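Quick notes on the structure that follows.
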Amino acid sequence: MTDQNTRKMSFDEWDEVVRPAPETTDFDAVVSSALSRRSFLGVLAFGSGAAAMGLGTAAGLLTTTSAEAMAASRFAFKPIDIATDSTIHVPEGYTWDILASWGDKLFSDAADFDHATGGDLASSDKIFGENTDGMEFFSVGERQVITVNHEYVNPEINLPKNADGMPVSADDVRKLQNLQGVTVMEVTEGNDGWKVVVDSPLNRRITHLTPMVFAGPAAGHDLLKTEADPTGTQSLGTFNNCGSGRTPWGTYLTCEENFNSYFGSTDAAFELPADFKRYGVSNETRYAYEKFDERFDISKNVNEPRRAGYVVEINPADPASTPVKHTGLGRIKHENAECALARDGRVVVYMGDDERGEFLYKFVSNGTYQTGGSTEGLLDDGTLYAAKFNDDGTGEWLALTEESTGMSLAEICIFTRMAGSKVGATTMDRPEWVAVNPIAIEAYCALTNNSRRGLKPNAGGDETPVGGPNPREKNEYGQIVRWYPENDDHADLKFKWDLFVMAGNPAVHKDAYAGSANINPGNMFNSPDGMAFDTRGLLWIQTDGDDSNEGEFSGQGNNQMLIGDPATGEIARFLTAPHGAEVTGLCWSADLRTAFVGIQHPSAPFPDGEGKLPRSCIVAVRRADNALIG
Ligand code: FEO
Ligand code: CA
Ligand code: CA
Ligand code: CA
175 MTDQNTRKMS FDEWDEVVRP APETTDFDAV VSSALSRRSF LGVLAFGSGA AAMGLGTAAG
235 LLTTTSAEAM AASRFAFKPI DIATDSTIHV PEGYTWDILA SWGDKLFSDA ADFDHATGGD
295 LASSDKIFGE NTDGMEFFSV GERQVITVNH EYVNPEINLP KNADGMPVSA DDVRKLQNLQ
355 GVTVMEVTEG NDGWKVVVDS PLNRRITHLT PMVFAGPAAG HDLLKTEADP TGTQSLGTFN
415 NCGSGRTPWG TYLTCEENFN SYFGSTDAAF ELPADFKRYG VSNETRYAYE KFDERFDISK
475 NVNEPRRAGY VVEINPADPA STPVKHTGLG RIKHENAECA LARDGRVVVY MGDDERGEFL
535 YKFVSNGTYQ TGGSTEGLLD DGTLYAAKFN DDGTGEWLAL TEESTGMSLA EICIFTRMAG
595 SKVGATTMDR PEWVAVNPIA IEAYCALTNN SRRGLKPNAG GDETPVGGPN PREKNEYGQI
655 VRWYPENDDH ADLKFKWDLF VMAGNPAVHK DAYAGSANIN PGNMFNSPDG MAFDTRGLLW
715 IQTDGDDSNE GEFSGQGNNQ MLIGDPATGE IARFLTAPHG AEVTGLCWSA DLRTAFVGIQ
775 HPSAPFPDGE GKLPRSCIVA VRRADNALIG
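Whatever position you read off the sequence shown (first residue = 1), add 174 for the working numbering.
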């Protein structure tokens, strides 16, 4: 794939375009059934039944005028306008500074960043990696540590000397492999702001080559065995690390998303196994790893792609620790892994599978977590469930078991999508991040968009009818669904749900595509993606959408970060990204006076000026008066 347009796509966009498309079926013939705005409100009214039961305030969301909402606002900032320029904007009284950019040194023996070459191979695993994504903040004794994902690399930017940015040698491939994965870095705050502690003993780069182990039901299964690892228990590297999570015991979870695109075939006639089609593994790759690193050649190592697509646990306090791939959490295109505790102490992990028409999952451990107790097996022994949403505002978690799927436990963990199809889970509009409210028993999932909703089945042939939490055909704007577990228990198998917001464009549309009532021309956005709750129970929403500011998206400007109040439905714009970038990754300092925000795939001239390579980065956002921000 050398087409110029595809080179400039974000990884998610590229994967959508290039991955094998499902064959056309009768479902293509479904006639347009776009909801009117009136009937859309009817859909939401089902959800607001939960509010009537005292479980939420969705009804308030629909009736509160913006003036009333503002009067009761819990937001400490004046919302900002859209932007279309190449810098970052935050509200009056707030500041932002770059903490770390691609190429910054984690170790002093790395070379200074070179805009001509994008950095050399020898330094590529000693520097802050590319395309920052999910991140978490940890206190390790007296030290402060940020763990952050590096989701993918940008052809043309990371190998700027190469035509189309394509690797032409094993060294090029190795450099790209080193620029991705995870950074663990100590940070400190001084008079001139936050800085990375270069050479900290806690600093670590985890790449596409770092040794790790498999745990859980699929560890050692034949489908995970390769010539290099005949035991099926050892893995090299973690791939396309998108969203994140943190366990109750203080470890980091990094989530492998579009892993499929690293694998290709040197034999163009290689016939793809059926499971490759469901996961989008094809003979074609984005980076041509397979030409220089045989491990990524599926015609020679057919099991290698089955060893990616997992949630990986990393201990930020021990740089010598071996990362663990937890097969018990399933193999999907993992967005993030949001942990909660059930009433009885079992560990619940919510996980979205970011692909059009794929499912929303949760894992519930068999064992319980006790502070300071053993955590052995808590992410390995348990049950996976896929969500089924009913149109009447109720829903249930369908267990993926040998009985319900006809698959072995290991197969459920490796071919999780197929297990979800077998039980009839609800096909969703690309589930991205899940966030659990720390002050209420409820969870939110960003359904970013789905150009095929109501038009085409998912890659497994499951239909994607308009309805429930996916109420718009050809959904370009996205929505955020939330659910309230029965009995106020995240382990309960029943829930009520509603939509917290339906993004849209009220300046262009008068129907359902105008968005829900809490969307107006002053706060509109498209494609919600990253989400996290602050300690006050406010929902921070990051977007990864169309920033053309034209047509369907006119008046929406660059990607942005907004803050939503679950109690009132109010949503206000807090930050705008430089043009070309998405906002992804969010965590707070231990003292809650700094919010760290990720800026992924910006376009030049951000941040270093015209003629320089654009660099993804983490920015530290603070209040000028040093008050709390989270
Ligand atoms: Fe990497 Fe679905 O975002
Ligand atoms: Ca992204
Ligand atoms: Ca994302
Ligand atoms: Ca996205």
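Glycine included, C-beta positions come from ideal geometry on N, C-alpha and C. Source: prediction; values computed, not measured.
* Among residues of its own chain, excluding the 5 on either side of Asp554, which ones have a beta-carbon nearer than 7 Å to its beta-carbon? -> As a first step, residue 554 must be located in the sequence shown, where it is residue number 380. Correct list, in chain order: Ala389, Gly390, His500, Gly502.
* Please name the residue, chosen from Pro639, Ser539, Glu532, that lies closest to Arg591 on a Cα-to-Cα basis. => Locating residue 591 in the sequence shown gives position 417, counting from the first residue. Among Pro639, Ser539, Glu532, the Cα nearest to that of Arg591 is on Glu532.
* **Buried/exposed call for Asp362, threshold 16 Cβ in 10 Å** => Start at 1 with the first residue of the sequence shown, and residue 362 comes out as number 188. The question names Asp, but residue 362 in the sequence shown is Thr. Its Cβ having fewer than 16 others within 10 Å, Thr362 is exposed.
* Asked: DSSP puts Ser539 in a beta bridge; with which residues?
  -> As a first step, residue 539 must be located in the sequence shown, where it is residue number 365. Partner(s): Gly556.
* Short check: CB of Leu353 to CB of Leu383, under 8 Å? -> Counting from 1 along the sequence shown, the entry for residue 353 is found at position 179. Counting from 1 along the sequence shown, the entry for residue 383 is found at position 209. Taking 8 Å as the Cβ cut-off, Leu353 and Leu383 do not qualify as a contacting pair.
* To do: Report, in whole angstroms, the separation of the C-beta atoms of Trp714 and Met735, which I expect to be a contact under 8 Å.
  => Locating residue 714 in the sequence shown gives position 540, where the first residue counts as 1. Locating residue 735 in the sequence shown gives position 561, where the first residue counts as 1. Beta-carbon to beta-carbon, Trp714 and Met735 are separated by about 6 Å, close enough to satisfy the 8 Å threshold.
* Asked: Taking C-beta to C-beta, are Pro490 and Phe312 nearer than 8 Å?
  -> Working through the sequence shown from its first residue, we reach residue 490 at position 316. Working through the sequence shown from its first residue, we reach residue 312 at position 138. Their beta carbons are under 8 Å apart, which means Pro490 touches Phe312 by this criterion.
* To do: Please confirm if the stretch 265-285 is in contact with the stretch 366-373, defined as three or more CB-CB distances below 8 Å between the two stretches.
  => Remark: three or more beta-carbon pairs, one from each stretch, lie closer than 8 Å, so the stretch 265-285 and the stretch 366-373 are flagged as touching.
* **Contact belief for Leu397 with Arg480 at Cβ below 8 Å, rounded distance in angstroms** => Looking up residue 397 in the sequence shown gives position 223. Looking up residue 480 in the sequence shown gives position 306. About 5 Å; that satisfies the 8 Å criterion.
* Asked: Any heavy atom of ligand 4 closer than 7 Å to the CB of Glu532?
  -> Taking the first residue of the sequence shown as position 1, residue 532 is located at position 358. Judged by the Cβ position, Glu532 fails to qualify as a neighbour of ligand 4 at the 7 Å threshold, every heavy atom of the ligand being at least this far.
* Tell me which same chain residues have a C-beta within less than 6 Å of the C-beta of Phe433, skipping the five on either side of it? -> Counted from its first residue, the sequence shown places residue 433 at position 259. Within the same chain, Phe433 has close Cβ partners Phe413, Asn414, Ala482, Gly483.
* Is the stretch 755-769 touching the stretch 315-324, taking contact as three or more C-beta pairs under 8 Å? -> Yes, the stretch 755-769 touches the stretch 315-324.
* To do: Rounded to whole angstroms, what's the CA-CA distance from Ser206 to Asp739? Just pull it up for me.
  => Residue mapping note: residue 206 aligns to position 32 of the sequence shown, counting from 1. Residue mapping note: residue 739 aligns to position 565 of the sequence shown, counting from 1. Because the pLDDT of Ser206 is 24, which lies under 50, any placement of that residue in the model is unreliable, and the number read from its coordinates should be weighed accordingly. Distance between the alpha carbons of Ser206 and Asp739 is about 34 Å.
* Asked: Is Cys416 near ligand 1, judged by its Cβ being under 7 Å from some heavy atom?
  -> On the sequence shown, residue 416 is found 242 positions in, with the first residue counted as 1. At least one heavy atom of ligand 1 is nearer than 7 Å to the Cβ of Cys416, so yes.
* To do: Kindly indicate which residue of Arg505, Tyr326, Arg604, His664 has the alpha-carbon position closest to the one of Glu190.
  => To locate residue 190, count along the sequence shown from 1; it is residue 16. For Glu190, the closest alpha carbon among the candidates Arg505, Tyr326, Arg604, His664 is that of Arg604.
* Since Met592 is in the alpha helix (DSSP H), which residue starts that stretch and which ends it? -> Position 418 of the sequence shown, counting from 1, holds the residue named residue 592. From DSSP, the alpha helix (DSSP H) with Met592 extends over 590-597.
* Rounded to whole angstroms, what's the CA-CA distance from Gly785 to Ile773? Just pull it up for me. => Here residue 785 corresponds to residue number 611 of the sequence shown, with the count starting at 1. Here residue 773 corresponds to residue number 599 of the sequence shown, with the count starting at 1. It is roughly 19 Å from the alpha-carbon of Gly785 to the alpha-carbon of Ile773.
* Under the criterion of a Cβ to heavy atom distance below 7 Å, does Glu190 qualify as lining ligand 1? -> Within the sequence shown, residue 190 is the residue found at index 16, counting from 1. No - ligand 1 has no heavy atom lying nearer than 7 Å to the Cβ of Glu190.
* **Euclidean distance between Cα positions of Ile472 and Met581** => Within the sequence shown, the letter at position 298 stands for residue 472. Within the sequence shown, the letter at position 407 stands for residue 581. Linking Ile472 to Met581 through their CA atoms gives a straight-line distance of about 24 Å.
* Closest to Ser625 by CA distance: which of Glu616, Val356, Asp721, Tyr651 is it? -> The residue you call residue 625 lines up with position 451 of the sequence shown. Among Glu616, Val356, Asp721, Tyr651, the Cα nearest to that of Ser625 belongs to Tyr651.
* Report back the beta-carbon spacing between Ile615 and Tyr559 to the nearest angstrom; my notes put them in contact at under 8 Å. => Locating residue 615 in the sequence shown gives position 441, where the first residue counts as 1. Locating residue 559 in the sequence shown gives position 385, where the first residue counts as 1. At roughly 17 Å, the Cβ-Cβ gap does not stay under 8 Å, so Ile615 and Tyr559 are not in contact.
* What does DSSP give as the partner residues of Ser409 in its beta bridges? -> Counted from its first residue, the sequence shown places residue 409 at position 235. The partner list for Ser409 (beta bridge, DSSP) reads Met386.
* Asked: According to DSSP, which residues form a beta bridge with Asn323?
  -> Within the sequence shown, the letter at position 149 stands for residue 323. Answer is Val356.
* Assign Ile380 to one of two classes, buried (16 or more other C-beta atoms within 10 Å of its C-beta) or exposed (fewer than that). => Position 206 of the sequence shown, counted from the start, is the residue given in the question as residue 380. By the neighbour-count rule (16 or more Cβ atoms within 10 Å), Ile380 is buried.
* To do: Could you name the residues that DSSP lists as bridge partners for Tyr426?
  => Counting from 1 along the sequence shown, the entry for residue 426 is found at position 252. In DSSP, Tyr426 forms a bridge with Arg420, Ile488.
* To do: Report yes if the CB atom of Phe537 is closer than 8 Å to the CB atom of Gly519, and no otherwise.
  => On the sequence shown, position 363 is the one that residue 537 refers to. On the sequence shown, position 345 is the one that residue 519 refers to. Not in contact: Phe537 and Gly519 (Cβ atoms no closer than 8 Å).
* What is the rounded straight-line gap between the Cα of Leu802 and the Cα of Val757? -> Here residue 802 corresponds to residue number 628 of the sequence shown, with the count starting at 1. Here residue 757 corresponds to residue number 583 of the sequence shown, with the count starting at 1. Each residue's alpha carbon lies about 21 Å from the other.
* What does Pro702 pair with, by DSSP beta-bridge criteria? -> On the sequence shown, residue 702 is found 528 positions in, with the first residue counted as 1. For Pro702, which the question treats as bridged, DSSP gives the partners Thr717.
* Take Gly216 and list the residues in its own chain whose beta-carbon comes closer than 8 Å to its own, dropping the five residues that flank it on each side. => Counting from one through the sequence shown, the residue named residue 216 turns up at place 42. Only weak support exists for where Gly216 lies, its pLDDT of 38 falling under 50; the coordinates are left without a value.
* Asked: Helix, strand or coil for Ile586 per DSSP?
  -> The residue you call residue 586 lines up with position 412 of the sequence shown. Reduced to three states, the DSSP call for Ile586 is helix.
* Simplified DSSP assignment, three categories, for Cys791 -> Here residue 791 refers to the residue found at position 617 of the sequence shown. In this structure, Cys791 counts as strand in the three-state DSSP scheme.
* Anything with a beta carbon under 7 Å from a heavy atom of ligand 4 counts; list them all in chain order. => With 7 Å as the limit between CB and the heavy atoms of ligand 4, the residues that fall short of it are Asp186, Asp528, Glu606, Thr622, Ser701, Asp703, Asp718, Glu756.
* **Closest by C-alpha distance to Gly339, when choosing among Gly292, Met705, Ile588** => Start at 1 with the first residue of the sequence shown, and residue 339 comes out as number 165. Proximity to Gly339 across Gly292, Met705, Ile588 peaks at Gly292, based on C-alpha coordinates.
* **Residue environment, Gly594, which counts as buried when at least 16 other CB atoms sit within 10 Å** => Here residue 594 corresponds to residue number 420 of the sequence shown, with the count starting at 1. Buried, by the Cβ-count rule.
* Which value, in whole angstroms, describes the spacing of the CA atoms of Gly804 and Ala250? -> Locating residue 804 in the sequence shown gives position 630, where the first residue counts as 1. Locating residue 250 in the sequence shown gives position 76, where the first residue counts as 1. One C-alpha to the other measures close to 11 Å.
* Asked: Which stretch, first to last residue, makes up the beta strand (DSSP E) that contains Tyr658?
  -> What you label residue 658 is simply residue 484 of the sequence shown in a count that begins at 1. Segment 653-659, the beta strand (DSSP E) holding Tyr658.
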